[in-house]
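S.K.: For the sequence shown, my numbering assigns the number 3 to the initial residue and increments by one for each residue that follows. Ideal Cβ positions, reconstructed from N, Cα and C, are used throughout, including at glycine.
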Amino acid sequence: MKLGKKAGLRPFALPLRNVFGEALLNVARENEKVVVLDGDLGNSTKTEYVRQEFPERFFNIGIAESNLVGIGAGLEACGFVPWITSFSSFLLCNAYDQIRLAVAMSNINAKVLGSHGGITLGKDGPTQMGIEDLALMGGLPTFTILVPSDPASMHAAVKAATDFEGPVFLRSSRVALPEIYPMDDCPFEIGKANVVRQGSDLTIVACGIMVSAALDAAADLAEESIEARVLDFHTIRPMDVDALTAAARETGAIVTAEEHLLQGGMGSNVARVVAEQFPVPMRFVGLADVYTESGEPDDLLKKYKLTAVDIATAAREAHAAKAG
Numbered sequence: 003m004k005l006g007k008k009a010g011l012r013p014f015a016l017p018l019r020n021v022f023g024e025a026l027l028n029v030a031r032e033n034e035k036v037v038v039l040d041g042d043l044g045n046s047t048k049t050e051y052v053r054q055e056f057p058e059r060f061f062n063i064g065i066a067e068s069n070l071v072g073i074g075a076g077l078e079a080c081g082f083v084p085w086i087t088s089f090s091s092f093l094l095c096n097a098y099d100q101i102r103l104a105v106a107m108s109n110i111n112a113k114v115l116g117s118h119g120g121i122t123l124g125k126d127g128p129t130q131m132g133i134e135d136l137a138l139m140g141g142l143p144t145f146t147i148l149v150p151s152d153p154a155s156m157h158a159a160v161k162a163a164t165d166f167e168g169p170v171f172l173r174s175s176r177v178a179l180p181e182i183y184p185m186d187d188c189p190f191e192i193g194k195a196n197v198v199r200q201g202s203d204l205t206i207v208a209c210g211i212m213v214s215a216a217l218d219a220a221a222d223l224a225e226e227s228i229e230a231r232v233l234d235f236h237t238i239r240p241m242d243v244d245a246l247t248a249a250a251r252e253t254g255a256i257v258t259a260e261e262h263l264l265q266g267g268m269g270s271n272v273a274r275v276v277a278e279q280f281p282v283p284m285r286f287v288g289l290a291d292v293y294t295e296s297g298e299p300d301d302l303l304k305k306y307k308l309t310a311v312d313i314a315t316a317a318r319e320a321h322a323a324k325a326g
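1) Hey, would you say L233 sits closer than 8 Å to A245, going by beta carbons?
2) Could you give the residue range of the alpha helix (DSSP H) that holds S175?
3) At a cut-off of 7 Å, is E34 close to the ligand ADP when judged by its beta-carbon and the heavy atoms of the ligand?
4) Our contact map puts R173 next to V149 with C-beta atoms below 8 Å; I'd like the distance itself, whole angstroms only.
5) Let me know the secondary structure DSSP gives L263 once reduced to three states.
6) Are the beta-carbon atoms belonging to G201 and A216 less than 8 Å from one another?
7) Using a Cβ-Cβ cut-off of 6 Å (strictly less than) and excluding sequence neighbours within five positions of H157, which residues of its own chain qualify?
8) Per DSSP, what kind of secondary structure is K307 in: helix, strand or coil?
9) Quick one: is V292 buried, meaning 16 or more other Cβ sit within 10 Å of its Cβ, or exposed?
10) What number of angstroms, rounded off, separates the C-alpha of A97 from the C-alpha of I73?
11) Give a yes or no on whether the C-beta atoms belonging to R251 and F286 are separated by under 8 Å.
12) Comparing alpha-carbon positions, which option in T164, I101, S155, E78 lies nearest D187?
13) In chain order, what residues of the same chain lie with their CB nearer than 6 Å to the CB of G254, ignoring the 5 residues before and after it?
14) Return the CA-CA distance between G120 and H262, expressed in angstroms with no decimal places.
15) Looking at A320: is its Cβ nearer than 8 Å to the Cβ of L204?
16) For A79, which option in S117, A277, V37 has the closest C-alpha, if you only look at C-alpha atoms?
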């Protein structure tokens, strides 16, 4: 993948799922109350890093996602900080009732990892692609929802989620993402978006893998004298209403970009806020109403119009609509 090349971002060798594993091990070292529950996917989610160092705090529940959540909730009641981990597609589709009742409705201090979010897990195919996860978690009012965009923000998000009191959903990815932030200096505050590029002509609001793509698109647009502000919207809930309102007022047009279905995703929620606060022309980059196929990540992103080229096209449309 060539994400971030146009924007001058430095490639990172480790897949984001490996970075998650390292970050989880770090918080386990810092906090002896952290326990990890695994759905027999530790080698894929990289929670195995915790198992190797703290086997007594690692519980492989097997391919039984409902039990995974229920046992995690029980451990929280005993004073632990459980990280309940699996693929988004398995955990949310198989154990949504338990997440709703035992975690969200009970408002307990549990953390849920949805690994392999989006379509870039590639050849594993649509059964394992989490393309509905943000919409599903958005239907649970007590959950904070985090979508890191690079290695540094993943470390910061895992730390912030662990320290936060209450239910948190964190989305991870299988692929490697380029470095947007220095590893030792990543601004990350739950509920506060990061401005990763300044611009006055329009704003691109992106999360996860699409932040790098947005920065590439902004670099392309700059060659046409269109200066795009880029927001790393790492927190889907609570939303940074102030950042969105400022973007609408100051740049006059907004494009959203996400590796998720347009229906119920980040963009639809951004649109609601913009409509309430300061309506401006908007365009949306994401998955249409479709289940994708297996393939190489780059090929899938191109086919389903989730590239920097697609973001730039949407930005030109929004900018033209702003001009009238």
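M.R.: With the given structure in hand:
1) It is a contact, given that the beta carbons lie within the stated cut-off.
2) Boundaries for S175: no alpha helix (DSSP H) harbours it, and the DSSP string shows neither H nor E there.
3) What this structure holds is no ligand at all, so the ligand ADP is not there to describe.
4) About 5 Å; that satisfies the 8 Å criterion.
5) In the structure shown, L263 sits in a strand (DSSP, three-state: E or B).
6) In this structure, G201 sits away from A216, with a CB-CB distance that is not shorter than 8 Å.
7) Around H157: A25.
8) The answer is coil: DSSP assigns K307 none of H, G, I, E or B.
9) Exposed, since its Cβ has fewer than 16 Cβ neighbours within 10 Å.
10) Inter-residue distance for A97 and I73 is about 12 Å (C-alpha atoms, whole angstroms).
11) Not in contact: R251 and F286 (Cβ atoms no closer than 8 Å).
12) Here the closest residue by C-alpha is S155.
13) Closer than 6 Å at Cβ, skipping near neighbours: V282, K324.
14) G120 and H262: Cα-Cα distance of roughly 6 Å.
15) Yes, the Cβ-Cβ distance between A320 and L204 is below 8 Å.
16) The shortest C-alpha separation from A79 is found at V37.
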